[in-house]
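Chains A and B, in that order, are what the protein sequence lines are.
Position 333 of the first sequence, counted from 1, bears residue number 365 in our numbering, the numbering being contiguous throughout.
Position 108 of the second sequence, counted from 1, bears residue number 181 in our numbering, the numbering being contiguous throughout.
The structure appears right after this line, and notes come after that.
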Amino acid sequence: MRILFYLLQKEFLQIVRNKTILRLIFILPVVQLLVLVNAATLDMKNLQISIVDHDHSSLSNRLVSELNASPFFEIQEVCDNVSQGKVLIEDGSSDLLIVIADGFEKSAFEGETGYLQLLANAVNSQQAQLGFAYLQQVAQQLLGNFSTEISGFTRDPAVSVASSYWYNPELNYKFFMVPGILVVLVSVVGMFLTSMNLVREKEMGTIEQINVTPVRKSTFIVAKLLPFLFIGLFELALGLMIGRFIYNVPMEGSLWLVFGVATLYLTGLLGLGLLLSSFSSSQQQVTFVSYFFLLVFILMSGIFTSVDNMPEWGQRINLINPLFYFIDVMRSILLKGAGFFDLWKPVLGISLLAVTLVTLSVLNYRKTS
Amino acid sequence: MKDVHKVIIVENLVKKFGDFTANDHLNFHVERGEIFGFLGANGAGKTTAIKILCGLSAPTSGRVEVAGFDVRTNAESVKKNIGYMSQKFSLYDDLTVFENIRLFGAIYGLSVSEIRKRSDEMLHRLGLVQERNRLLRTLSLGWKQKLAFSVAIIHRPGIVFLDEPTSGVDPVTRRQFWELIYQAADEGITVFVTTHYLDEAEYCNRVTVMVDGKISALDTPANLKVSYDCATMNDVFLKLTRPN
């Protein structure tokens, strides 16, 4: 224990004297949370649309102005014919082209089916599908109002669906993204700093002077892990404050639980960093390998996409993905107010990973080559 | 039967890196209190051997006993009883002189007051009292080397291994460095030192000369000069390494 204290003292002295790392620790979370949370939006706004109106009626004019009023659409051009509109889609200036067929108003008067055509650039399939859904909504509402106006009474729809959005009633995507980005941030900082720190000692040769002493492997590994665990938790606290005060992210559950699970999570991730560094002999190598692992973990974690939509094998890979568990835990605690008993499965997963990775990193560390 | 006078026993030590044999059946022993010189050209296998003796590298075959412990099975016990100074400077450049002393003192289990006492003594002897709180990276190589040696023996080990401790330092500092080695030997520490400065070989009690991974001579400097009929160790070395 006494040796551990002196080793920790050494690590902290070295970290405090490394101005680049200090700056990184303070600036990175602020920049990431301010930029990425706003940029990584899943909301669909300002779809660029062009319209070809073959009807030239008052109803078609109403449809155009309704579309224009919607926050989802921005009318770029009203074209005379379809081929003119197609050019706009092809050169990328419009995302959607809406064609209003001749007789649109007439069929509405007579209670018949009117026709709208939608041509969408579906390179981004999500955007095309959402555009279609929004258009349908706007048109249906308009036609409903119109039929009420001409007939004088409201027709009851057969089914009325009332929706209520739980945990994030305003559908604020930032509430969803802040916990995710925060996990990525803590992971990147923790894992890179840890793995590069140990490899740097190899590069400098200082590790040899340590290896020739009777210091225990486990003591040495713990002394390499604890400082970065501490930094990771500090980053988490800083990030949560930004989330709270800038984005008003709700914090329904216990912050103690957040930090408790974060401690387990970081222990595992830093253990992985140390394990990777025991295989590497230069900082370049370990950076590259850590980057590879983190990228796979992040993209599979469900931060941007729903894990339930992944193929079966992908979901199985996530069993060993610490980020997958921790992002889920963070969102559940912060947004839903989940408690320990709701989260025992991911917490168990995180704990098993932590124990395994730290044990492997101690076993794999060699004092004798 | 254990020989208490032999603190290092090496029998048929072989170390291979793939097809390359760095140490080819080395046999020697070092006696307690000796200054034992390990000579050889660059690449002769000196550093490989010293790393095996310190437990930093595992031998391919052979028996190596240091301070009464087998390095293969009991490397951690060996480590408690030795000090080591690497060829490459390996104290922490971003810590101060005292912080380095304190760290290694604590790792070897010295108490706070003992660390303080020995560090004061050491800094006085080295003339580094003013530099106590300076970062190591701001010191000259000569000072760094003398400090590294003193840190290597801070726990008063039975044996200290020095791997080319004087390479790259000026003649005056080399002289001072050897005075430190003699002081350590006077205190009863066995010194195992590799070098390629042949004048330094004269300072050793016994020397071995390694050529291409093998030991080609082992004796006192005086006896070597007689048996190879040379005036200096330099000539002995040239005769052994370049027979033609």
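No residue lacks a Cβ here, since even glycine has one placed at the ideal position from N, Cα and C.
A quick note: this is a predicted structure, and the numbers were derived from the prediction, not measured.
Residue 37/A and residue 251/A have their C-alpha atoms spaced approximately 10 Å apart.
Counting only runs of 3 or more residues that sit fully inside the region 213-278 of chain B, the beta strand (DSSP E) segments are 232-236 and 263-268, in chain order. Note on residue 252/B: under 16 other CB atoms within 10 angstroms of its CB, so exposed under the neighbour-count rule. Within the region 230-257 of chain A, the residues whose Cβ lies closer than 7 Å to any Cβ of chain B are, in chain order, 237, 238, 240, 241, 243, 244, 245, 246 and 247.
For residue 180/B, the closest Cβ of chain A is nearer than 7 Å. Across the structure, residue 152/A and residue 378/A are spaced so that their CA atoms are roughly 41 Å apart.
The beta carbon of residue 393/A sits closer than 7 Å to the beta carbons of 253, 303, 306, 307 and 310 from its chain, once the five residues preceding and following it are set aside; these are given in chain order. Within 9 Å of the CB of residue 53/A, no CB atom of chain B is found; the nearest one sits about 11 Å away. Residue 203/B: not part of any alpha helix (DSSP H); DSSP gives it neither H nor E.
Looking at the DSSP output, residue 362/A bridges to nothing. Neighbourhood of residue 38/A in chain B, by CB distance below 8 Å: 175, 176, 179 and 180, in chain order. DSSP places residue 308/B in no beta strand (DSSP E) but in the uninterrupted alpha helix (DSSP H) bounded by 306-314. Ranked by Cα distance from residue 284/A, the options 390/A, 361/A and 61/A are led by 361/A. Listed in chain order, the beta strand (DSSP E) elements of length 3 or more contained wholly in the region 143-175 of chain A are 148-152. With a contact defined as Cβ atoms closer than 8 Å, residue 355/A and residue 381/A miss out at about 11 Å. Residue-level contact check: residue 292/B does not touch chain A, since none of the beta carbons of chain A fall below 7 Å from its beta carbon. Between the C-alpha atoms of residue 170/B and residue 211/B there is a straight-line separation of about 10 Å. Residue pairing by DSSP puts residue 80/A in a beta bridge opposite 106/A. Uninterrupted alpha helix (DSSP H) stretches at least 4 residues long and entirely within the region 260-338 of chain A occur at 287-311 and 315-332, given in chain order. For residue 221/B against residue 156/B, the beta-carbon gap comes to about 10 Å, at or over 8 Å, which does not count as contact. DSSP places residue 357/A in the helix class (H, G or I) of the three-state scheme. With contact defined as three or more Cβ pairs closer than 8 Å, the region 329-345 of chain A and the region 89-100 of chain B are not in contact.
Assigned with DSSP and collapsed to three states, residue 194/A falls in coil, not helix or strand. Between residue 215/B and residue 246/B, the gap from beta carbon to beta carbon is short of 7 Å.
In the structure shown, residue 79/B adopts extended strand secondary structure according to DSSP, grouped into three states. Among the bridge pairs identified by DSSP, residue 109/B is matched with 265/B and 279/B. Going by C-alpha positions, residue 93/A is about 56 Å away from residue 57/A. Distance from residue 136/A to residue 147/A at the Cβ level is roughly 7 Å; contact confirmed, criterion being Cβ atoms closer than 8 Å.
When Cβ-Cβ separations below 7 Å define contact, residue 35/A makes contact with chain B.
In this structure, the alpha-carbon of residue 96/A lies about 8 Å from that of residue 83/A. Interface annotation, residue 236/B: not in contact with chain A, CB-CB separation never under 7 Å. Residue 80/B is a Cβ neighbour of residue 232/B, given a cutoff of 7 Å. The three-state reading of DSSP puts residue 104/B in strand, counting E and B together. Burial state of residue 306/B is buried, judged by a 10 Å Cβ sphere holding 16 or more other Cβ atoms. Residue 158/B sits in a strand when the DSSP states are folded into three classes. Taking C-beta separations shorter than 8 Å and ignoring five residues to either side along the sequence, the partners of residue 126/A in its chain run 80, 81, 82, 108, 109, 117, 120 and 153, following chain order.
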